[in-house]
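Colleague: Can you keep this structure in mind? I'll have questions shortly.
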Amino acid sequence: MSIDVSQFLDTFYEESFEGLDIMESELLELDVGAADQDSINTIFRAAHSIKGGSGTFGLNAVASFTHVLETLLDEMRDGKRNVTQPAVDLMLTSVDVLREMLNALKTGQDIDAEHAAEVQQQLERLLKGGEEPDNDVSGVDHTSLSDHPEVMVGSGWHIRFKPLSHLFKTGNDPVRLFEELSDLGTIQVKVNDSGLPSFADIDPEDCFLSWEIEYIGDADEAQIRDVFAWVDDDCELELTIIGGEQKATTVETVAVAPVAAPASKTTAPAAPAPVAKAAAVAAAQPKEAPPIAPPKTEEKSAVARKAAPPSTESGSIRVGIDKVDALINMVGELVITQSMLNQLGEDFTMDKVQRLQEGLAELEHHTRELQENVMRIRMLPISFAFNRFPRLVHDLSQKMGKNVELKLSGENTELDKTVMEKIGDPLVHLVRNALDHGIEKPEVRASLGKPAVATLHLNAYHQGGNIVIEISDDGAGLNTEKIKNKAIEKGLINAGDELSAEKVNELIFYPGFSTADQISDVSGRGVGMDVVKKNIKDLSGAIEVLSIPGKGSRFTIRLPLTLAILDGQLVRLGDQTYIVPLVSIIESLQIRKENVKSIASDSELYRLRDEYVPILRLHKVFNTKCDNKELINGLLVVVEGDGQLAGIFVDDLLGQQQVVIKSLESNFKRVDGLSGATILGDGTVALILDIPGLVKLSKERIKKRAAASAAA
Amino acid sequence: MNTVHRMDNEVLGMNGEGNQYLTFMLAGEEYGVDILRVQEIKGWDQVTPIPNTPAYIKGVINLRGTIVPIFDLRERFRLEAIAYGPTTVVIVLKIKGEKGERTMGIVVDAVSEVYNINEDALKAAPDFGQAISTDFVKGLATIDEKMIIVLDIDHLLNSSIVAEAGRLVRD
Amino acid sequence: MPTILAVDDSASMRQMVVFTLKGAGYTVVDAVDGVDALSKAKSNKVDLVITDVNMPNMDGISLIRELRALPNFRFTPMLMLTTESGSDKKAEGKAAGATGWIVKPFNPDQLLATIKKVLR
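Chains as they are written, first to last, in numbering that gives the first Met the number 0: chain A, 0 to 711; chain B, 0 to 170; chain C, 0 to 119.
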């Protein structure tokens, strides 16, 4: 039977990358000198898994590299080696090397063998320089062989095997051993029951017997001992050579069947399949000691290359068992409800109406729960995006001679996988910017009376239907003057323009804007904040910046949790139905005359407790028909968008329901004031309002009208 | 869903030279579109209007779960608008653009025929002095003494989306 | 066919082992760590246990020790999957009641050959 192990490679790559991420974050948190045992164990386990898998799946370059790393970690784990900063740094580099190797293998590219070899040598030097010299770094386990280096040749072996009484309790069985021996040659077994106690004293779970075995064949001592390897500590084992140099005469010449020795047990398990087969063939031929086939690296790397799958990025997602179990449970309940309804429908009479209604309510409940849980499958904690930053900040701050402490909070805040994948690059850009432009060098900080260690804080939390991600630093803040000058130079603003600091700061999001005096290799390579803003906008998100000169800056990113589903309030305007996201609704109310304040012809405010909320007449913003143009007794949906309240004036409130968001853009385009569309129960399309966009649209409209009336 | 009929290359029979074109009528003229781009032909049905878009964008429909915009070709060409009648149909087309393939529908007076038209037989369109920009015309073909205006639907519909859509055009 | 309990925290190794064993006709129950395995061992009739050594939550050696203490597992063969070249882990495993071990890396054929030794 031959199994193609390459089919497991995708899983192996996925878990290995995760393992490397874990190693990296644990390494970064290790306290040099007083390393936490659990952390070392975790790191070791990750390396260990990668080694085991890569060996099994024929990725030998990876296996060999990881072996050295694992040995180093093993010594640290056993307390034989101290955790030093150079060691940690080298291990971090090794993580990078492994990541590159695996990436190359995954995409079918060539491994940078030179670089890998260089780092591997560094690891080996570190190992040799340590308390445990002479480490086996070949990546192949062959200790059992080196225990018995001498090979004696004879016509066979006399074996005395006396198991200790507990043999059965290890799950071992002498018969199995004999059968295995008979695979190596011809055997004659004689049982010795002299150790058997009187019947009354026999404990059937104990072993009292011993055996004398005459083995005829060309297996050497190591091979024989290997058969007994599992019971080595559970028996007395004596081997005497038959024939050989002494030419023993005690055994009658038995017809020695031609023995085809199987692959040498000592080499085979350690070598991958092609090499093992070669060893087996070689072992079967000569009478002499079976040769130990040394691992042929060229051959193995060829296998590894062949095993690499074509570079197709198949998106997959790892889902916690608990989430899957919850789904299975729910589907189970759904099936029960459905069969209940089926039964009810088979002989339905009007007196069963109530049960029908209950059943339908149950069905609705289960369906909704199922939907929620299915959506949850796509949700991952933002730590997946945050995890790369400890390393990035560590490396960059070292490179730039800055002293930075990275604080992460809210890592468990969940968001949609798609959103997560797309937010990574903008976050990296913002963090790099903060390190490069925001945070000052220690001496500058000292002269300003600031703590020498700067703080960079990544924070995430849920707010309504959004996830908010903040990147804040206690650096210099944005240089308003510089930005202003640059903007004038670029013709974005006029020299005479009076702009608030806030407005000036927003200029950094304009295309082609960079204030870096000189282009460093960290940031300022032309990929500007405009790209960051665009990426975030593409996810229907928003970014804003708050900066206090000398104190630091904070970038706030707001993103929808998921791009797929939303709780909506259905409203009617004329003959159209629109969806207002429930999360943006503060309240819905009937307009009372005394609370309406009209400042200008087109600017109306509504007094809500002690606040004035601008009234947004949806039909005016959308240029559509409506039934009711009189505010009095009309309906107002008070919403919050972009930190601002607004009252949307509509004809009627319909029901609330969850809607599946459909893109308007995939076949059409983005439309201001709309975040998408959905399909209602009757198959018609309803548009989903984009509340922040709508508020903005309304403001622009009022401004335009004001300008028009001023001109007139 | 009142689908009139679906186009099927096998039914139509891919015999003869050149590409097959579906023709339709619009204000007395016959227009042609590459039949391979035709996804289906539907009767006119209620649409959901999109606010602040030009009048020729009638709105969007639900086409088996996706949102598809519908353009009125008469209005797009600034021809006189007429009431939709029993022959009015929506031709759902696959449009190629920068962002890949998109699905859009056009409202026309009626579907006409399917012709084999050899690309070589297409003549450059003279400037009609009409509303239809020659930009949107791939060429003219003459079949049975009739002139057929073969449209460049990619260019026509992609530009229709961009043109002024999404802005406050009137108040 | 005998039932084998296969325990490994690495998904790829687990997949390979399960695939190989199922392909050979065995019934397979798989578990992601010692704790998972222990609970599955209690609700399944198991003829052979194959476990990884290094695992979070409960490692393979502790698992073997726990299983041996269960009445149903007193004589059940239990194999460790180990990459440990040193004899420490093997000895530790043996002391806990392991029947034997399979040294990683191994290929599917080697795995089946070893299993046939204990399940024939």
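Built from N, CA and C at the ideal position, the CB exists for glycine as well.
Nothing here was measured: the structure is a model prediction, and the numbers come from that model.
Between the C-alpha atoms of Gln437 of chain A and Thr677 of chain A, what's the straight-line distance to the nearest angstrom?
Modeller: Note on residue identity: the sequence assigns Gly, not Gln, to residue 437 of chain A. Going from the Cα of Gly437 of chain A to the Cα of Thr677 of chain A covers about 43 angstroms.
Colleague: Any chance the stretch 41-49 of chain B sits against the stretch 88-99 of chain B, with 3 or more Cβ pairs inside 8 angstroms?
Modeller: Counting Cβ pairs under 8 angstroms, three or more are found: they touch.
Colleague: Label Val174 of chain A either buried or exposed according to how many other C-beta atoms from any shown protein chain fall within 10 Å of its C-beta, with 16 as the threshold for buried.
Modeller: Per the 10 Å Cβ criterion, exposed.
Colleague: Considering only the alpha carbon of each residue, which of A:Gly540, A:Val61, A:Pro450 and A:Asp232 lies closest to Ala46 of chain A?
Modeller: It is A:Val61.
Colleague: To the nearest angstrom, how far is it from the Cα of Val102 of chain C to the Cα of Asp205 of chain A?
Modeller: Using only the alpha carbons, I get a separation of about 29 angstroms.
Colleague: Only counting the same chain, and skipping five residues up and downstream in sequence, which positions put a Cβ closer than 6 angstroms to that of Gln370 of chain A?
Modeller: Excluding positions up to five away in sequence, the list is empty.
Colleague: Checking 7 angstroms against the spacing of the C-beta atoms, do Ala5 of chain C and Leu111 of chain C come in under that value?
Modeller: No, they are not a contact pair.
Colleague: Under 7 angstroms between the Cβ atoms of Thr479 of chain A and Ala500 of chain A?
Modeller: For Thr479 of chain A and Ala500 of chain A, yes; Cβs fall inside 7 angstroms.
Colleague: Quick check: is the beta carbon of Gly344 of chain A nearer than 7 angstroms to any beta carbon in chain C?
Modeller: False, the Cβ-Cβ gap to chain C never drops below 7 angstroms.
Colleague: If we cut at 7 angstroms on Cβ distances, does Asn61 of chain B have a partner in chain A?
Modeller: With 7 angstroms as the cut-off, Asn61 of chain B counts as an interface residue toward chain A.
Colleague: How big is the Cα-Cα spacing for Leu607 of chain A and Asn594 of chain A?
Modeller: Roughly 8 angstroms separates the two Cα atoms.
Colleague: So that I know if they touch, is there some Cβ in chain C lying closer than 7 angstroms to that of Gly672 of chain A?
Modeller: No, Gly672 of chain A lies away from the interface with chain C (no Cβ there is under 7 angstroms from its Cβ).
Colleague: Quick check: is the beta carbon of Val88 of chain B nearer than 7 angstroms to any beta carbon in chain A?
Modeller: Taking Cβ atoms only, chain A never reaches closer than 7 angstroms to Val88 of chain B, which makes this a no.
Colleague: Using a Cβ-Cβ cutoff of less than 7 angstroms, which residues in the same chain neighbour Val612 of chain A once the five nearest sequence positions on both sides are dropped?
Modeller: Here the set comprises Leu604, Tyr605, Val637, Leu644, Ala645 and Gly646.
Colleague: If you draw a straight line from the C-alpha of Glu20 of chain B to the C-alpha of Ser674 of chain A, how long is it?
Modeller: Contrary to the premise, residue 20 of chain B reads as Tyr rather than Glu in this sequence. In a straight line, the C-alpha of Tyr20 of chain B is about 37 angstroms away from that of Ser674 of chain A.
Colleague: Take the Cβ of Arg591 of chain A as the centre, count every other Cβ of all protein chains shown within 10 Å, and call the residue buried at 16 or more, exposed below.
Modeller: Arg591 of chain A is exposed by the Cβ-count criterion.
Colleague: At 7 angstroms on the CB atoms, spell out the chain A contacts of Ile160 of chain B, in chain order.
Modeller: Phe667 and Lys668, listed in chain order.
Colleague: In the structure shown, what three-state DSSP assignment does Ser408 of chain A receive?
Modeller: Reduced to three states, the DSSP call for Ser408 of chain A is strand.
Colleague: Looking at the structure shown, is Ala710 of chain A part of a helix, part of a strand, or coil, going by DSSP?
Modeller: Residue state, collapsed to three classes: helix.
Colleague: Let me make sure I understand the geometry here. Which of A:Val188, A:Phe207, A:Val190 and A:Lys189 has the alpha-carbon closest to that of Ser197 of chain A?
Modeller: Checked all of A:Val188, A:Phe207, A:Val190 and A:Lys189; the closest Cα to Ser197 of chain A is A:Phe207.
Colleague: Determine the chain B residues that contact Phe648 of chain A at a beta-carbon separation under 8 angstroms, and present them in chain order.
Modeller: Here the premise fails: no neighbours, minimum Cβ distance about 15 angstroms.
Colleague: In three-state terms, what does DSSP make of Glu586 of chain A?
Modeller: Strand at Glu586 of chain A.
Colleague: Do Val658 of chain A and Gly567 of chain A have their beta-carbon atoms positioned less than 7 angstroms apart in this structure?
Modeller: Yes.
Colleague: In the DSSP assignment, the alpha helix (DSSP H) including Leu617 of chain A goes from what residue to what residue?
Modeller: Per DSSP, Leu617 of chain A belongs to the alpha helix (DSSP H) from Leu617 to Phe621.
Colleague: Could you pull out every residue in the same chain whose Cβ sits closer than 6 angstroms to the Cβ of Val48 of chain C, ignoring the five residues on either side in sequence?
Modeller: Only Leu4 and Met77 meet the Cβ criterion.
Colleague: Taking the CB atoms as reference points, tell me whether His461 of chain A and Lys406 of chain A lie closer together than 7 angstroms.
Modeller: Cβ atoms of His461 of chain A and Lys406 of chain A: not closer than 7 angstroms.
Colleague: By DSSP, does Glu178 of chain A sit in helix, in strand, or in coil?
Modeller: It is helical.
Colleague: In three-state DSSP terms, what is Asn478 of chain A?
Modeller: Of the three classes helix, strand and coil, the one that applies to Asn478 of chain A here is coil, per DSSP.
Colleague: Using CA coordinates, which residue listed in A:Ile49, A:Phe167 and A:Leu125 is at the minimum distance from Arg73 of chain C?
Modeller: Measuring from the Cα of Arg73 of chain C, the nearest candidate turns out to be A:Phe167.
Colleague: Examine chain B for any beta-carbon lying closer than 7 angstroms to the beta-carbon of Gly549 of chain A, and answer yes or no.
Modeller: No, Gly549 of chain A does not count as interfacial toward chain B.
Colleague: Distance cutoff 7 angstroms, beta carbons only. Does Ser48 of chain A sit that close to anything in chain C?
Modeller: Taking Cβ atoms only, chain C reaches closer than 7 angstroms to Ser48 of chain A, which makes this a yes.
Colleague: In chain C, what lies closer than 9 angstroms to Lys168 of chain A by C-beta?
Modeller: Within 9 angstroms Cβ-Cβ: Arg67, Arg73, Phe74 and Gly96.
Colleague: Taking the alpha carbon of Val32 of chain C as the reference point, which residue from C:Met54, C:Gly99 and C:Ser38 has its own alpha carbon closest?
Modeller: Before going further, note that residue 32 of chain C is Asp rather than Val in the sequence given. Cα-wise, what sits closest to Asp32 of chain C is C:Met54.
Colleague: Look at the Cβ atom of Thr75 of chain C, then the Cβ atom of Gly170 of chain A, and state whether they are nearer than 7 angstroms.
Modeller: Yes.
Colleague: Report yes or no: do three or more beta-carbon pairs, one from the stretch 437-452 of chain A and one from the stretch 372-381 of chain A, lie closer than 8 angstroms?
Modeller: Contact between the stretch 437-452 of chain A and the stretch 372-381 of chain A is absent, because fewer than three Cβ pairs lie under 8 angstroms.
Colleague: Using a Cβ-Cβ cut-off of less than 9 angstroms, give me the residues of the stretch 45-57 of chain B that come near chain A, in sequence order.
Modeller: Listed by position along the chain: Gln45, Val46, Thr47, Pro48, Ile49, Pro50, Asn51, Thr52 and Ile56.
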